[in-house]
Structure formats: C-alpha cells, structure tokens
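Single-structure report; data block below.
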Amino acid sequence: MANNTTSKVVLTNKNYLAEAKMRNHFAVIDEPVNAGGDDNGPTPVEYLLTAIGSCVSITLRMYAERKGWDVGEITVNVSQIKDENGTHLSEEISFSKEINEEQRKRLLVIAGKCPVAKMVKGETKIVSSIQ
Numbered sequence: 298m299a300n301n302t303t304s305k306v307v308l309t310n311k312n313y314l315a316e317a318k319m320r321n322h323f324a325v326i327d328e329p330v331n332a333g334g335d336d337n338g339p340t341p342v343e344y345l346l347t348a349i350g351s352c353v354s355i356t357l358r359m360y361a362e363r364k365g366w367d368v369g370e371i372t373v374n375v376s377q378i379k380d381e382n383g384t385h386l387s388e389e390i391s392f393s394k395e396i397n398e399e400q401r402k403r404l405l406v407i408a409g410k411c412p413v414a415k416m417v418k419g420e421t422k423i424v425s426s427i428q
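Shown next, in the form of structure tokens:
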C-alpha cells in the first residue's frame with residue numbers, strides 16, 4: 298500500500314507569494330523584498346532548511362527514546378553555506394543535557410538517517426509532469 302505525503306503549492310498573482318496546503322495545514326512562501334518579493338513568508342530554501350532541522354531533531358528524539366537516553370531539548374541549526382567550493386549545508390546539533398562520547402558518535406550517525414536529509418542527498422528521484 299502506497300504512503301503518499303503531499304503538498305499543494307499555488308503561486309499567486311502577487312509577485313512570488315505562494316500558498317501551500319499540507320493535510321489540514323497551510324503555509325505561506327515568499328521571497329524577500331530585495332529578491333522581488335514582499336517578504337510575506339519564508340523562502341523555499343528556508344523551508345527546506347527547516348524541514349531538515351525538524352526531521353533531524355525528531356529522528357534523534359525517536360532514537361534517544363528507544364535507547365532510554367534523556368538528551369533534553371534538541372537544537373538543530375541548519376545553514377546554507379556558499380563559498381569558493383560551491384554550496385553546501387551545515388547542521389549544528391546540540392542537546393540541553395550532557396551526552397557521552399559514545400552517544401555523540403551514535404547520534405551523529407542517526408542524524409544522517411533522517412528521511413528529509415536522505416531526500417536532499419539525492420536518494421529520492423523526482424518525476425515531474427505538466428498537466
């Protein structure tokens with residue numbers, strides 16, 4: 298049985314203002330003023346970074362709970378870095394409770410297993426069509 302997660306995005310006639318619907322939830326997407334938008338919401342890249350950070354933190358929490366580890370609050374700062382080597386993403390993960398070196402090593406491996414990060418790393422194909 299297929300498990301389909303969907304997001305419908307409609308770009309309005311107002312510059313780059315887009316409206317998205319996911320299940321019963323709505324989000325607004327826009328570009329900053331200096332990019333021709335009206336800054337009514339986060340950019341697509343900011344949503345992608347948010348999706349990665351939230352997925353990594355949830356994946357880490359699920360793993361820590363299965364292990365019985367109390368790691369406290371999990372903070373994931375995700376940044377898009379553009380430099381002379383091109384563009385890459387940086388994740389800085391922290392926990393409000395102390396973790397030992399063994400936990401640190403294992404949690405770092407688990408962070409890379411979040412489904413959104415795996416999609417971004419190129420493990421999911423995208424099939425596009427115009428209807």
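Residue numbers for the sequence shown follow my numbering, so the first one is 298 and each next one is one higher. Glycine residues also receive a C-beta, built at the ideal position from the N, C-alpha and C atoms. Since the structure is predicted, the reported quantities are computational estimates derived from the model, not experimental observations.
In the structure shown, Leu-357 adopts helical secondary structure according to DSSP, grouped into three states. Shortest Cα-Cα distance from Glu-388 to any of Ser-376, Glu-362, Pro-329 involves Ser-376. Inclusion of Glu-328 and Thr-340 in the CB contact set at 8 Å is warranted, their separation being smaller than that value.
Between Leu-357 and Ala-408 the beta-carbon gap is near 6 Å, inside 8 Å, which marks them as a contact. For Gly-383, DSSP records a beta bridge to Asp-380. Val-368 sits in coil when the DSSP states are folded into three classes, being neither helix nor strand.
In this structure, DSSP gives Ile-396 a state outside helix and strand, which the three-state scheme calls coil. Assignment of Val-406 by DSSP, reduced to helix, strand and coil, places it in the helix class. Per the Cβ contact rule, the segment 408–417 is in contact with the segment 353–367 (3 or more Cβ pairs under 8 Å). Three or more pairs of CB atoms, one per stretch, sit closer than 8 Å, so the segment 365–375 contacts the segment 389–397.
Around the CB of Val-342, fewer than 16 other CB atoms lie within 10 Å, so the residue is classed as exposed.
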